[in-house]
Ligand SMILES: Nc1ncnc2c1ncn2[C@@H]1O[C@H](COP(=O)(O)OP(=O)(O)O)[C@@H](O)[C@H]1O
Ligand SMILES: [Mg+2]
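Residue numbers (the numbering used here): 201 to 431.
Below, the structure is given as structure tokens:
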């Protein structure tokens, strides 16, 4: 049974359909890259999985359980860890307070998060608004880890970051998936980076999947991806 299975999902906002008749599945420990131009519905797909978009048709299964009608706060309790594009750091809380407010029972507490991101430990008394972009992204991921999820959904985690920080984050995400047992969904403009970090890939255009397959295949045949994205 897949960890996450989406069947013929249609979602949007108000009357507007954004995601249309979309199906995909993700196993435990697997990585999925979601690619596509601006405005094709990548964030909406993530919000739909998290329960923040309007459900119109189809279903989302988590460990075989239909969660289509499950409210967002319960989905995070079930093990869906959301790392939003805006990072949503509390500016007037310290790094450590930002982490503590997210804590849920499980192996990932402050100690383990600080082991993954030593920089956050060094900065633990800094206010959220005194962090660099890279540190904010580490904190956003660290906060998701504090909820002890089984799946991390990352929306453009590398956006606006210096190459050396991107490399560091990529190594961390690779480690989390390969050695710490997290499944990942990575939405990225940097398609090749996302494909390298994933097992499977889906390319979206106007709310539908237009290319889908093993990430390695799409990397080898990158022309298939290129025509759907800005490179
Ligand atoms: N809160 C919202 N209300 C209405 N329409 C929205 C909202 N958020 C996004 N959209 C629309 O949904 C479409 C897909 O947006 P989005 O999922 O953000 O795409 P992407 O993440 O691929 O750039 C766009 O046409 C966008 O204008
Ligand atoms: Mg987006």
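Backbone N, C-alpha and C define an ideal beta-carbon position, used for all residues, glycine too. Note that this is a predicted model, so its numbers are computed, not measured.
Item: DSSP three-state assignment for residue 420, whether helix, strand or coil; Value: helix
Item: Environment of residue 231 [buried if 16+ CB atoms lie within 10 Å]; Value: buried
Item: For residue 270, the three-state DSSP class (helix, strand or coil); Value: coil
Item: beta-carbon residue 330 near ligand 2 non-hydrogen atom, thresh 7 Å; Value: no
Item: DSSP state of residue 335 mapped onto helix, strand, coil; Value: helix
Item: Contact the segment 343–354 vs the segment 273–286: 3+ CB pairs below 8 Å; Value: yes
Item: Own chain residues within Cβ distance below 6 Å of residue 333, not counting five before or after; Value: 360, 361
Item: Under the three-state DSSP convention, the category residue 367 falls into; Value: helix
Item: Contact the segment 252–262 vs the segment 331–346: 3+ CB pairs below 8 Å; Value: no
Item: Inter-residue spacing [alpha-carbon to alpha-carbon] between residue 229 and residue 205; Value: 14 Å
Item: Of the listed residues 221, 291, 253, 419, nearest to residue 214 (C-alpha basis); Value: 253
Item: Chain-order list of residues whose beta-carbon lies under 6 Å from that of residue 384 (same chain, five-residue window excluded); Value: 231, 352, 377
Item: Residue 252 - DSSP class collapsed to helix/strand/coil; Value: coil
Item: Any non-hydrogen atom of ligand 2 within 7 Å of residue 242 CB; Value: yes
Item: Whole-Å CB distance - residue 324 paired with residue 338, under 8 Å assumed; Value: At roughly 12 Å, the Cβ-Cβ gap does not stay under 8 Å, so residue 324 and residue 338 are not in contact.
Item: Inter-residue Cα distance where the pair is residue 328 and residue 299; Value: 11 Å
Item: Rounded C-alpha distance that separates residue 406 from residue 373; Value: 28 Å
Item: Neighbour-count burial assignment, residue 414, 16 or more Cβ in a 10 Å radius; Value: exposed
Item: Nonlocal neighbours in the same chain, by C-beta distance under 8 Å from residue 250, ignoring five residues either side; Value: 272, 275, 276, 280, 282, 353
Item: Contacts around residue 233, its chain only, beta-carbon distance under 6 Å, and the 5 residues preceding and following it disregarded; Value: 386, 394, 395, 398, 401, 415
Item: Closer than 7 Å: residue 344 CB and nearest ligand 1 heavy atom; Value: no
Item: Alpha carbon of residue 366 to alpha carbon of residue 223, nearest angstrom; Value: 30 Å
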